[in-house]
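Enquirer: Chains as they are written, first to last, in the working numbering: chain A, 1 to 568; chain B, 1001 to 1568; chain C, 2001 to 2284; chain D, 3001 to 3284.
Where is the CB? At the ideal position from N, CA and C, for every residue including glycine.
Note that this is a predicted model, so its numbers are computed, not measured.
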Amino acid sequence: MAIDLNILIGGAAGQGVHAITLPLAKALVRQGAQVLFVQDYQSRIRGGHLFNQIRVADRPLMASREGVDLLVALNQETVTLHQAELSPEGVIIYDAARVKELPAGRPAVALTHEALLPGTQAGEIAVNAGACGAVLGLFKASLAPLLTLLTETFADKGAQVVEWNLKAATRGYELAKTQGFRVSLAYLTPPSKPRLLISGHEALALGALAAGLNFISGYPMTPWTSVLNTIGQRAVRWGVVVEQAEDEIAAINMAIGASYAGARAMTGTSGGGFCLMTEALGLAAMTETPLVIVEAMRPGPSTGLPTRTEQGDLSFVLYAGQGDSPRAVLAPGTPAQGFALAVKAFHLAERYQIPVFLLTDQYFGDTQFTHTASEFPEVQAQPAPASGPASDPYERYAFTESGISPRRLPGFGPQVVVADSDEHTPDGHLTEDLTVRVKMHDKRLRKLETLVQELNGITTVGAADAPLTLACWGSSLGPVAEAVDRLNESGTPARLVHLSELWPFPRAVATAALSGTKKLVLVEMNATGQLNRLLRQETGLAADHLVLKYDGTPFTPEYILKELKGHI
Amino acid sequence: MAIDLNILIGGAAGQGVHAITLPLAKALVRQGAQVLFVQDYQSRIRGGHLFNQIRVADRPLMASREGVDLLVALNQETVTLHQAELSPEGVIIYDAARVKELPAGRPAVALTHEALLPGTQAGEIAVNAGACGAVLGLFKASLAPLLTLLTETFADKGAQVVEWNLKAATRGYELAKTQGFRVSLAYLTPPSKPRLLISGHEALALGALAAGLNFISGYPMTPWTSVLNTIGQRAVRWGVVVEQAEDEIAAINMAIGASYAGARAMTGTSGGGFCLMTEALGLAAMTETPLVIVEAMRPGPSTGLPTRTEQGDLSFVLYAGQGDSPRAVLAPGTPAQGFALAVKAFHLAERYQIPVFLLTDQYFGDTQFTHTASEFPEVQAQPAPASGPASDPYERYAFTESGISPRRLPGFGPQVVVADSDEHTPDGHLTEDLTVRVKMHDKRLRKLETLVQELNGITTVGAADAPLTLACWGSSLGPVAEAVDRLNESGTPARLVHLSELWPFPRAVATAALSGTKKLVLVEMNATGQLNRLLRQETGLAADHLVLKYDGTPFTPEYILKELKGHI
Amino acid sequence: MLPLELYNGIESAWCPGCGNFPMLKAFKQALAELEVRPEELLLVSGIGQSGKFPHYLKCHTFNGLHGRTLPVATGARLANPALKVVAVAGDGDCYGEGGNHLLATLRRNPDLTLVVHNNQVYGLTKGQASPTSDQGFKTVLQPAGVPYPPLHALALAVAQDGSWVGRGFAGDGEHLTGLYKQALTHQGFSLLEVLQPCVSFNKVNTYEWYRQRVYRVEAEPGYDPENELWAYQKAKEWGERIPIGVIYRKTRPTLEEAHPALRAGPLASQITTRPINQLLADFF
Amino acid sequence: MLPLELYNGIESAWCPGCGNFPMLKAFKQALAELEVRPEELLLVSGIGQSGKFPHYLKCHTFNGLHGRTLPVATGARLANPALKVVAVAGDGDCYGEGGNHLLATLRRNPDLTLVVHNNQVYGLTKGQASPTSDQGFKTVLQPAGVPYPPLHALALAVAQDGSWVGRGFAGDGEHLTGLYKQALTHQGFSLLEVLQPCVSFNKVNTYEWYRQRVYRVEAEPGYDPENELWAYQKAKEWGERIPIGVIYRKTRPTLEEAHPALRAGPLASQITTRPINQLLADFF
Ligand SMILES: Cc1ncc(C[n+]2csc(CCOP(=O)(O)OP(=O)(O)O)c2C)c(N)n1
Ligand SMILES: Cc1ncc(C[n+]2csc(CCOP(=O)(O)OP(=O)(O)O)c2C)c(N)n1
Ligand code: SF4
Ligand code: SF4
Ligand SMILES: [Mg+2]
Ligand SMILES: [Mg+2]
């Protein structure tokens, strides 16, 4: 029997919802479940309602779905807001001190501090750890992995805290074990190849580290901050210079200065901060300085919904900055893609001496997916930045057929390296010679003609001749793939085409993948269909129908199927 | 006989080339000539070579053309660089103290301080004013308008300077009068309706003033500075608050603050500075604050060619800023359009409570065109910003069918006016209600559906059924129109379609104007065909051929015709 | 005095115990005592916990971008000098992202009040260091601690002849109310920095930490806020003792006086089309 | 001493008589005396007349954006601390557009030199007021004169404990050479502002105007640049008398010391892929 369970854990901000969800999710992964773990939170630190969702299945998961099978309520609001989502056989586990009203006739497990850790001052630990145990108990899953994880997680909080956690989890487990539940996870066995739970931004950050990143500058901004933090926490160990900048303008200019001087450099931000980076984006293009930029989207315009998700900045990053200037844009759909595209971004940035975007969003960044280690391959060592022959006297911007000029680093040889934001001669000095201008402009743009041949990034699901094609990009991969699976299962032949390498637009491969379908539907998390615009502009193909969502929450397969009704 | 003369006046930066060209050009206008006056300069203050061109004709002029009929050389470099452009019967007027080598066999008029203002300390005045007089003498034109203009221009430099100017001009006139020249302007008579010489940016600034602008903030940047200066010089007289900002970020945020508080506000910059404004562009859209933004283009990427021209920022202004956010983009082609579109920009900004762009460039901004006053109509008074009924309690962002909510100003009534860059409720307060989010986002974007019906901005020349259509936008109007005229005159039926109102894209009118031609050629001053991209994306129509130019200098009809060879 | 209920805004989303609460209370108290009505008052804020402040108060509100409170506030003053304008900013907002505007505003001297909610941390983005974080302050991003000393913001203001420079403490509400009142009634730019404990992300600079250190500068015998050198020293004092009160004061002409158009009242009342023949006159 | 010809760059486009010429000469002299070779030196500049300075000199050059010299220079130092880095900026560049970076850089204290070419005007854009323009300075845009006082940049630097703060005058080349040498050899951030007459757009603050006012601060009996209050007063002195020389000095740890990765040398020599199994270890 296929298992597919949705656990929703809700409470007030500051109550520890996040803290308990991760060990629980990992405990499930360690005993062999496939897990997807989504965070939903408001732009406030305490008191606001927030919830996490753990979806558990026995096949790989790439999206969350609607409906709740197990509601863990740490406050009344969780019950009030989410009880309608409970599936017919759904169960509630709740903090009896805080939840006073339950829907009638629902199986429920009450947790209290008294029952879990009588006579202690354990505070929220009791119900939090107790609830984790209770979930496993209800599922008849194994408790041991959770106990190990709680021990690991709280080791640095001291023995007392660990002990309370273990005790409460065990008590919760026992309390719930006796409660009937429609499915049992007792059959699970630890996977032969160990699995990990990793978010998009974590995987991207690891990809950057694997590729040799050793400089990062940034200014905090949700949802980008998690990339910065993931690297910051590992900086000393891996010899990375991390500098918190005074603003985004400084962040990108520092990264450009560092890259010019030879560092493998990255910066990043979210849309509002990226606005402030656009001028220096052009500087990187003009000075031909390699640079990787993470642009982590959230709903705009302006401050918008700071902690939620959207795919609304595609058009912006394609054309940001004055004049025609080269760049590449990559938009991963899973952590594994995030890792691989981070590696590719450094490769492209360095080889073509251009800025390269990793375009992500809050859903991609924060959602944790189950992967196996083999999905994160060892990175091939790349040639040093300044290799290959160079002329003497040295010309930083020598005209070449490919448009790529031999790069040298200041301080690593007898030549001086002259870089200029003005239009310049091959040796880097400012010029008003209009013939040189045209040649230099052509040279810069010509690099994309070679680069585009290195792009592909098409993921497909379903038969190549399916009459219905759902196309999407970036983080929408998971939900759209699942919607396509369900369509195919229900007898509507459908195909997914997901694009993760968006600019320079890979016309040939995209046209090949998208042509010949009867009905083309674009599925995007924005209000105007930005990929659809790009597609039409670049290929003449255009969607027959758009499925859009811009309420700040990610797609679900159910939403997509509902929106398709009447159109297929 | 049709008259069409090109005068090129060149010298070193700082030598007074600009100072003498304007009175000369105006003197020609006042006696009935049609004039086009183009400045070309490098990004340096003194010493670099620069030149101005005055094209003189007896029919309206909208472009400069190639070839030189009269070369006024204030230094040797002017002769060296431009002698090849001289037409067969071309004449040289030169400063004999500075120019030592002339092409053999060319008629030439030598000017010296001694001959013009013997025994004075008049310095550069002698040859500068003398050259102006000499041009008119050569043309057998009337000297009187020049003398009046010199008197007006130098009045505040004192009687001595005026006297020197008048004397030198008169002497120069007499010297040259005896020299034979192939055409005579002696037949000219002052126009019945007085004509004026005005640049695109001057006209745009006057349009803003006519429309009631009373707040402008900005940071200097070529070529936008001329808009700021034109208004700055008139600020006290017309009661305008002008504030020089510390940077472009401050400039736009100040203008937004002023507009929110009831001023009719404008800001502006060039591409690099606009990068820094993109974040607040979204702020204006989100808070629904009316704002007019001048974006005066120059060649990029990055610092590029600061004093030259390009149309490379179209894609950028269309999508600048995170998320989908409403805006309008207007791109005038002549000073008269600049005036009219400035007025329209304020109207649209205020009526739809959005940011509106005036997208110009250095060529448009600095080139002076001959117009009659009747081309600048009186501006209709517009309703006050905060009129029409509003709910009580007041909702700044009340949901309405048109998307336009009743605007109120802080301090003008008992209601409080709450504006927010976060997603917000109708009364302006931040919200995380995702249903409200969707309704509010739809409301903002819906405004463009009404707005687009107010757009048209199509200028055509030539027969509607011509098999060849040249399409262009913004400042390329003049040269393309002349190229189309020449094609039609030479028996190739052709049509011009010029778009000046670009976003929200007026699909219906543009499709109507552009469909049905056999061959569609897009003529743009950039390297990638940005209007062509937009056109294909919005209509599916695409150019059969692109005529592009991105060397920093504007189109000439000759260039366009040459680039068309083999394609028509 | 006006009733305090007049200023009630929407429900707050700050953490229980946050230093912003006593600030809100003291601010309302000052408004009520000064009898500034909601419709006479414009609060401009940026993004951060302090950015939400205007929502929790009834008044005209412009909640703009992170770091950009001062230019918006200046623009609003230059459009309508009849409005009382208060810019509300966080320490990151105003001394980090928006530092350049602080420099320029000190020069300009518009007649408005800037209140900096200084919690020495980035609150809303969950605990990164701010420009006022003490050297050594540990964060997720800087696990070894902030490597450089904090910005000396008040000394910056004194050095630029800021026309009114003061510091309050959220834990001393009565004193703070008095400072709000003085800042609001000062003619010219007033910069009031308030020590505002962040109970969630700053576990070092707590109520207690501040309480042990702050003292009222006006209690210093003979202290004269118009004595620049003395003020400079007080402005730089940070450590065992931290002064609160009016640190510096200097009479200077305001920005509004430099704009003749404002003599005719708010710009909104002056909007009019202009005659084309007069505009064109110069161009013939 | 190295030969001066070693530093010859491309032909200059400055106006004849511009104060940038003697600065270029003095700077080359300082380099030659310090025996800093072109390939050891990186000049980072922004946009403005000063932005062209590096082109007129032979050295590594990064001519970036208006206002952004300091972050680029800091990034380069953090990538390769073996490079001698000098940031060259205009007064508009550094105190206007880029003011926020100056504040942050003073805090960070990277080991680099900032030279501000202060001509009290926007030269390249043809004569608008800069943040250092004197009050009343008339421009096309501000025909009634700049309405507010200039930024007190050196006082700003002193107030933020800038580790080396000095001022030179383009008209006193020998003295200036000495200042360049001191700034270049100082460990930490050095801010050298140079009074640089703009003969085209600043007809007020001319060579003569400066010459009548400047005096060498080191000639002041007992002057001690480590005395903060004295330095503060000198930093604010502007008018009849204008001090040049080393105004302030304070020993502080550099930014580079705070980044352990730099102990292993330039980052370019440390680029290496990293083992995936170790990177993933935390995530199981
Ligand atoms: C341009 C930009 N960069 C970054 C952010 C993200 N951001 C929001 S609030 C904040 C910092 C908040 O710190 P502070 O200003 O001290 O305010 P607090 O929350 O502590 O009151 C940041 C970095 C943003 N909204 N905009
Ligand atoms: C973002 C941006 N804004 C404006 C400009 C235009 N600009 C170029 S140089 C300059 C000012 C120059 O003044 P300053 O920095 O004092 O240098 P100077 O020319 O006087 O040496 C300006 C405003 C620009 N290049 N980039
Ligand atoms: S995070 Fe800090 S500043 Fe923000 S509301 Fe909570 S306690 Fe206050
Ligand atoms: S404009 Fe001024 S600063 Fe620029 S080169 Fe000329 S004199 Fe020097
Ligand atoms: Mg803070
Ligand atoms: Mg300057």
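Please list, in chain order, the residues of the region 1213-1231 of chain B that have any C-beta partner in chain D closer than 8 angstroms.
Expert: 1219, 1220, 1221, 1222, 1225, 1228, 1229
Enquirer: Would you say residue 3091(D) touches ligand 6, meaning its beta carbon is less than 6 angstroms from a heavy atom?
Expert: yes
Enquirer: Thinking C-alpha only, which one of 2071(C), 2137(C), 2034(C) is nearest residue 2003(C)?
Expert: If we check each option's Cα against that of residue 2003(C), 2034(C) comes out closest.
Enquirer: Could you have a look at residue 401(A) and say whether DSSP puts it in helix, strand or coil?
Expert: Coil, per DSSP.
Enquirer: Can you give me the Cβ contacts of residue 3124(D) inside the same chain, cut-off strictly under 6 angstroms, excluding the 5 residues immediately before and after it?
Expert: 3048, 3049
Enquirer: Quick one: does residue 3103(D) have its CB under 7 angstroms from some CB of chain C?
Expert: yes
Enquirer: Which whole-angstrom value is the C-beta distance of residue 3059(D) and residue 3041(D), which I expect to be below 8 angstroms?
Expert: 4 angstroms
Enquirer: Listed in chain order, which residues of the region 2012-2027 of chain C have Cβ atoms closer than 7 angstroms to some Cβ of chain F?
Expert: The chain labelled as chain F is not found among the protein chains of the depicted structure, namely A, B, C and D.
Enquirer: In the region 1181-1225 of chain B, which residue ranges form an unbroken alpha helix (DSSP H) of at least 4 residues, counting only runs that do not cross its ends?
Expert: 1200-1210
Enquirer: Can you tell me which of 3274(D), 3026(D), 3161(D), 3014(D) puts its alpha carbon nearest to the alpha carbon of residue 3170(D)?
Expert: 3026(D)
Enquirer: List the residues of chain A whose Cβ lies closer than 8 angstroms to the Cβ of residue 3044(D), in chain order.
Expert: 257
Enquirer: May I ask you to list, following chain order, the residues of the region 259-280 of chain A that have a beta carbon less than 9 angstroms from some beta carbon of chain B?
Expert: Within the region 259-280 of chain A, those residues whose Cβ lies closer than 9 angstroms to any Cβ of chain B are, in chain order, 270, 271, 272, 273, 274, 275, 276, 277, 278, 279, 280.
Enquirer: Measure the Cβ-Cβ separation of residue 1415(B) and residue 1394(B) and say whether it is below 7 angstroms.
Expert: yes
Enquirer: Using DSSP with H/G/I as helix, E/B as strand and the rest coil, what is residue 1055(B)?
Expert: strand
Enquirer: Which bits of chain D does residue 2128(C) rub up against, with CB to CB less than 9 angstroms?
Expert: The contacting residues do not exist; residue 2128(C) stays about 14 angstroms from chain D at best.
Enquirer: Find out if the Cβ-Cβ distance for the pair residue 3088(D), residue 3154(D) is shorter than 7 angstroms.
Expert: no
Enquirer: Report whether the distance from the Cβ of residue 3020(D) to the nearest heavy atom of ligand 6 is below 6 angstroms.
Expert: no
Enquirer: Run the proximity test for residue 2199(C): is its beta-carbon closer than 6 angstroms to any non-hydrogen atom belonging to ligand 3?
Expert: yes
Enquirer: Taking the Cβ atom as the reference point for each residue, do residue 1327(B) and residue 1223(B) lie within a distance shorter than 7 angstroms?
Expert: It is not a contact, given that the beta carbons lie outside the stated cut-off.
Enquirer: Roughly how many whole angstroms lie between the Cα atoms of residue 2285(C) and residue 2031(C)?
Expert: Outside the displayed span of chain C (2001 to 2284) sits residue 2285(C), for which this structure offers no information.
Enquirer: What does residue 1421(B) touch in chain C if you count any residue whose Cβ is under 8 angstroms from its own?
Expert: 2047, 2063, 2064, 2065
Enquirer: Between the alpha carbons of residue 70(A) and residue 168(A), how many angstroms are there, rounded?
Expert: 19 angstroms
Enquirer: Look up residue 3282(D) in the DSSP assignment and say whether it is helix, strand or coil.
Expert: helix
Enquirer: Anything in chain C within Cβ reach of residue 1247(B), meaning under 8 angstroms, just list it in chain order.
Expert: 2100
Enquirer: So, residue 2227(C) versus residue 1421(B), is the Cβ gap smaller than 7 angstroms?
Expert: no
Enquirer: Per the contact definition of three or more C-beta pairs closer than 8 angstroms, is the region 130-150 of chain A in contact with the region 93-112 of chain A?
Expert: Taking 8 angstroms as the limit for Cβ pairs, the verdict is that the region 130-150 of chain A does touch the region 93-112 of chain A.
Enquirer: Taking only beta-carbon positions, decide if residue 1376(B) is within less than 7 angstroms of chain C.
Expert: yes
Enquirer: Using CA coordinates, which residue listed in 1026(B), 1257(B), 1229(B) is at the minimum distance from residue 2086(C)?
Expert: 1257(B)
Enquirer: Between the region 178-204 of chain A and chain C, which residues of the former have a C-beta closer than 7 angstroms to a C-beta of the latter?
Expert: none
Enquirer: Compare the C-beta of residue 417(A) against all C-beta atoms of chain D and say whether one is closer than 7 angstroms.
Expert: yes
Enquirer: Quick one: what's got a C-beta closer than 6 angstroms to residue 89(A)'s C-beta in the same chain, skipping five residues either side?
Expert: Excluding positions up to five away in sequence, the list reads 182.
Enquirer: Based on Cα-Cα distance, which residue from 3014(D), 3093(D), 3007(D) lies nearest to residue 3037(D)?
Expert: 3007(D)
Enquirer: What do you reckon, is the C-beta of residue 2047(C) under 6 angstroms from a heavy atom of ligand 1?
Expert: A heavy atom of ligand 1 is found nearer than 6 angstroms to the CB of residue 2047(C).
Enquirer: Quick check on residue 2261(C) - is its C-beta less than 7 angstroms from some C-beta in chain B?
Expert: yes
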